[in-house]
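I have placed the structure first, in the form of structure tokens, so that the comments after it can refer back to it.
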Amino acid sequence: MVGLEGGGSEVWDDPDLVEDWLSRTQELVPVALEKAKEVKGFPGRWKMIISKLEQIPSRLSDLSSHPCFSKNALCKEQLQAVYGTLKEAIGLADLCLTEKYEGKLRMQSDLDSLSGKLDLNLRDCGLLVKTGVLGEATLSEPEAAGTQSNIKELLARLQIGHLGAKHRALDSIVEAMKEDEKNVLASLGRSNISALVQLLTATSPTIREKTITVICSLAESGCCENFLVSEGALPPLIRLLESGSAVAKEKAAISLQSLSMSTESARAIVGHGGVRLLIEICRTGDSISQSAAAGTLKNLSAVPDVRQNLAEEGIVRAMISLLDCGLLLGSKEYAAECLQNLTISNENLRRSVISEGGIRSLLAYLDGPLPQESAVGALRNLVGPGSMETLVSLGLLPRLAHVLKSGSSEAQQAAAAAICGACSSKEMKKSIGESGCIPLLIKLLEAKSSGAREVASQALSILMTVSQNCREVKKDDESVPNLVQLLDPGPQNTAKKYAVLCLLCLSNSKKCKKAMISYGAIGYLKKLTEMDVPGAKKLLERLEKGKLRSMFGRK
């Protein structure tokens with residue numbers, strides 16, 4: 001195992017060696033203090049150094065009293081580091097006393113460096129004791145290398161020592177993850193994650209790239225999102241989108257996609273300026289980076305209070321462009337989902353999507369092999385008096401019919417909802433009826449989803465206000481039995497009020513009334529009348545009147 005300062009062929013767990021280093025270091029502390037107090041020059045700096053030297057004995061005492069002190073290689077390496085710093089302090093004190101240093105500025109710099117090393121020594125001694133690193137990272141035998149214990153020691157080394165030592169530990173962790181990623185991720189604690197996050201801002205591009213590789217695995221694992229966010233991972237990840245290597249940008253985008261699923265994280269990404277960079281990657285990134293950036297923006301668009309910020313950064317045009325020319329099918333799907341989210345309740349964003357040519361792109365997307373739910377949902381949001389002429393001229397209605405016929409349950413429900421929104425005039429209702437949607441809506445009344453049944457019955461109740469459409473519903477043998485089934489008074493049946501309206505439209509037909517009675521509509525309607533469902537009483541009276549006439553006729 002390589003030591004913190006780069007040396008490393010010492011015997012692993014020889015107690016005499018560890019105790020020997022402790023003794024040497026403890027003996028050197030009073031020597032360093034005495035020398036430091038004799039120095040007259042640079043009083044401010046030496047006063048600071050003396051205060052730090054005075055803290056060393058208590059830190060050494062805490063360290064040496066730990067039960068695992070003599071069993072851990074980290075203790076010996078830490079003692080070596082403190083011993084080296086004390087020797088440097090004595091050397092600098094001698095130079096100041098003899099005034100044989102090269103120059104005042106150089107000495108000031110050396111003293112500042114010494115002060116920083118003392119800070120590091122004190123911090124690392126405290127970390128070894130307080131964070132449980134000693135207990136976790138203890139190795140009982142040299143052969144233990146490669147075990148879970150060794151992984152924990154590597155993770156401990158991310159927290160202590162200088163950057164070079166941390167870099168070497170990071171190399172070993174990356175290699176360990178190639179062999180057993182699950183084991184490494186399971187060993188990570190909050191303090192290890194904090195150390196990794198700090199390495200994201202290292203000046204070395206190599207260290208940043210290796211660190212983001214580990215962070216990305218952590219984010220994708222789904223087990224550490226809260227720790228990553230709370231330890232401040234988002235700002236450095238966003239900076240990597242701008243200044244990282246191609247690999248670092250890709251891994252940062254993937255990490256942000258995983259972390260942006262929570263509302264608070266999404267707001268933080270927007271607040272730290274991530275939107276502009278994510279949109280830029282959608283335009284210029286490679287296929288994987290583009291897909292991850294689009295997925296992140298889709299997650300952000302699900303948060304209502306940041307949608308205006310997204311719009312101001314140009315997200316609408318970027319998503320429409322992805323619909324047309326995304327490098328991966330997944331990028332196009334994320335773009336459709338994003339546009340659906342953006343247009344849910346924001347009229348300005350709806351107008352923006354329409355003016356940017358989004359309708360044509362969404363309709364073209366429906367002709368492809370990708371899931372249709374989001375594109376149909378976006379089109380449903382765009383349906384309105386101001387857009388219907390454009391939608392119809394570009395072929396909305398036959399596409400909706402196609403989705404009703406062969407789409408997924410979610411896509412069919414969205415298509416039926418779009419039809420509800422499209423019924424803005426008598427002429428439009430006629431056009432929808434002529435497009436072949438009515439038999440498909442009647443079939444959708446049998447869907448397993450209560451939401452799909454509700455929206456299909458709602459669409460039919462609106463369309464049937466036009467006599468031409470009502471006649472088509474009458475001709476379909478499945479219409480009455482499907483609608484009567486939806487008279488079920490149970491609370492889970494949300495379609496009953498629309499089923500009543502549809503059956504009222506059909507109740508002028510003797511054939512339909514007989515069918516309603518034969519399928520048990522009267523029993524349902526009596527319960528719905530008690531529940532004050534609109535139209536139920538009127539429909540019940542018509543059916544009972546028709547039943548009486550039928551009885552007298554038979555007599």
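When we follow full-length UniProt numbering, the leftmost residue of the sequence shown carries the number 1, and every step to the right adds one.
Ideal placement from N, C-alpha and C gives every residue a C-beta, glycine not left out.
inquiry  = Taking 8 Å as the cut-off, is the C-beta of K545 nearer than that to any heavy atom in the ligand NAP?
reply    = The ligand NAP is not part of the structure shown, which contains no ligands of any sort.
query = So what does DSSP say about N309, is it helix, strand or coil?
reply = The answer is helix: DSSP assigns N309 an H, G or I state.
query = Given a threshold of 16 other Cβ atoms within 10 Å of its Cβ, counted over all protein chains shown, does S191 qualify as buried or as exposed?
reply = Buried, by the Cβ-count rule.
ask   = Just how far apart, CA to CA, sit L366 and G161?
value = Distance from the CA atom of L366 to the CA atom of G161, rounded to whole angstroms, is 57 Å.
task = Have a look at N381 and A418 and give me their C-alpha separation to the nearest angstrom.
result = Between N381 and A418, the C-alpha separation is close to 8 Å.
request  = Kindly indicate which three-state DSSP category K430 falls into: helix, strand or coil?
outcome  = The answer is helix: DSSP assigns K430 an H, G or I state.
request  = Please list, in chain order, all residues of the same chain as S172 whose beta carbon is under 6 Å from its beta carbon, the five residues on each side excluded.
outcome  = L154, listed in sequence order.
request  = Let me know the secondary structure DSSP gives K537 once reduced to three states.
outcome  = In the three-state scheme derived from DSSP, where H, G and I count as helix and E and B as strand, K537 is classed as helix.
task = Drop a sphere of 10 angstroms on the beta-carbon of S289, count the other beta-carbons inside from all chains shown, and report buried for 16 or more, exposed for fewer.
result = Classification for S289: buried.
Simplified DSSP assignment, three categories, for Y83 = When DSSP states are grouped into helix, strand and coil, Y83 belongs to the helix group.
key: Cβ neighbours of K497 in the same chain (closer than 7 Å, five flanking residues each side left out)   = If we look at K497 and ignore the five residues flanking it on each side, its Cβ neighbours are V533, P534.
query = Three or more C-beta pairs closer than 8 Å, one from the stretch 180-191 and one from the stretch 94-114: is that the case here?
reply = Segments in contact, no.
message = Quick check: what's the CA-CA separation for Q159 versus P491?
response = Going by the C-alpha atoms only, they are around 58 Å apart.
query = Within 10 angstroms of its Cβ, does D180 collect 16 or more other Cβ (buried), or is it exposed?
reply = Counting other Cβ atoms within 10 Å of its Cβ, D180 stays below 16 and is therefore classed as exposed.
query = Which stretch, first to last residue, makes up the alpha helix (DSSP H) that contains Q372?
reply = Unbroken run through Q372: none, as it is neither H nor E.
request  = Look at the alpha carbon of P43 and the alpha carbon of C96, and state the distance between them as a whole number of angstroms.
outcome  = Distance between the alpha carbons of P43 and C96: 11 Å.
task = Go ahead and pull the three-state DSSP assignment for S124.
result = This sequence places Asp at residue 124; Ser is not what is there. Judged by DSSP in its simplified three-state form, D124 adopts helix.
Range covered by the alpha helix (DSSP H) that runs through L397 = Taken as a continuous stretch (DSSP letters only), the alpha helix (DSSP H) holding L397 covers 396-406.
ask   = Going straight from the alpha carbon of N150 to that of K178, what length do you get?
value = About 15 Å.
request  = Just confirm the distance between the C-beta atoms of L342 and R317, as a whole number of angstroms; I'd bet it's less than 8 Å.
outcome  = The Cβ separation is near 12 Å, so there is no contact.
ask   = Count the other CB atoms within 10 Å of the CB of M464; is the residue buried (16 or more) or exposed (fewer)?
value = Classification for M464: buried.
inquiry  = Let me confirm a value: K251 is counted as buried when at least 16 other C-beta atoms fall within 10 Å, else exposed. Which label applies?
reply    = Counting every other CB atom within 10 Å of its CB across the protein chains shown gives K251 a total of 16 or more, marking it as buried.
key: Minimum C-alpha distance to D324 - residue among E209, A292, G368   = Nearest of E209, A292, G368 to D324, Cα basis: G368.
key: Assumed close pair L525, A536 - CB separation to whole angstroms, cut-off 8 Å   = With 8 Å as the limit, L525 and A536 qualify as a contact, their Cβ atoms being about 5 Å apart.
ask   = Would DSSP call D459 helix, strand or coil?
value = The displayed chain sequence assigns Ala, not Asp, to residue 459. Helix at A459.
query = Which one of S61, E373, E434, L460 has the shortest CA to CA distance from P398?
reply = Across the set S61, E373, E434, L460, the C-alpha of E434 shows the shortest separation from the C-alpha of P398.
task = Spatial neighbours of A416 within its chain, please: CB distance less than 8 Å, with the 5 preceding and 5 following residues excluded, ordered by chain position.
result = Here the set comprises L404, L441, L444, A452, V455, A456, Q458, A459.
message = Tell me the DSSP secondary structure of Y334 in three-state form.
response = In this structure, DSSP gives Y334 a helical state, which the three-state scheme calls helix.
Cβ contact (3+ pairs, closer than 8 Å) linking the stretch 257-274 and the stretch 221-240 = Result yes; three or more Cβ-Cβ pairs closer than 8 Å.
message = Can you tell me whether G8 is buried or exposed? The criterion is at least 16 other CB atoms within 10 Å of its CB, across all chains shown.
response = At G8, the pLDDT of 36 sits below 50, so the modelled position is not reliable and the matter cannot be decided from this model.
task = Could you give the DSSP three-state label for K475: helix, strand or coil?
result = K475: helix per DSSP, three-state reduction.
task = Taking K429 and C437 to be in contact with their CB atoms under 8 Å, please state how far apart those CB atoms are, rounded to whole angstroms.
result = Actually they do not touch by this definition, with Cβ atoms about 10 Å apart.
ask   = F42 by DSSP, collapsed to three states: which one?
value = In this structure, F42 counts as coil in the three-state DSSP scheme.
query = To the nearest angstrom, how far is it from the Cα of A73 to the Cα of A156?
reply = Counting only the Cα atoms, A156 lies some 11 Å from A73.
key: Reduced DSSP secondary structure (H/G/I, E/B, other) of L506   = Three-state DSSP puts L506 in a helix.
message = Below 8 Å on the Cβ atoms is my contact criterion, and I expect L128 with A89 to pass it. Report the Cβ-Cβ distance as a whole number of Å.
response = L128 to A89, Cβ: 21 Å. No contact.
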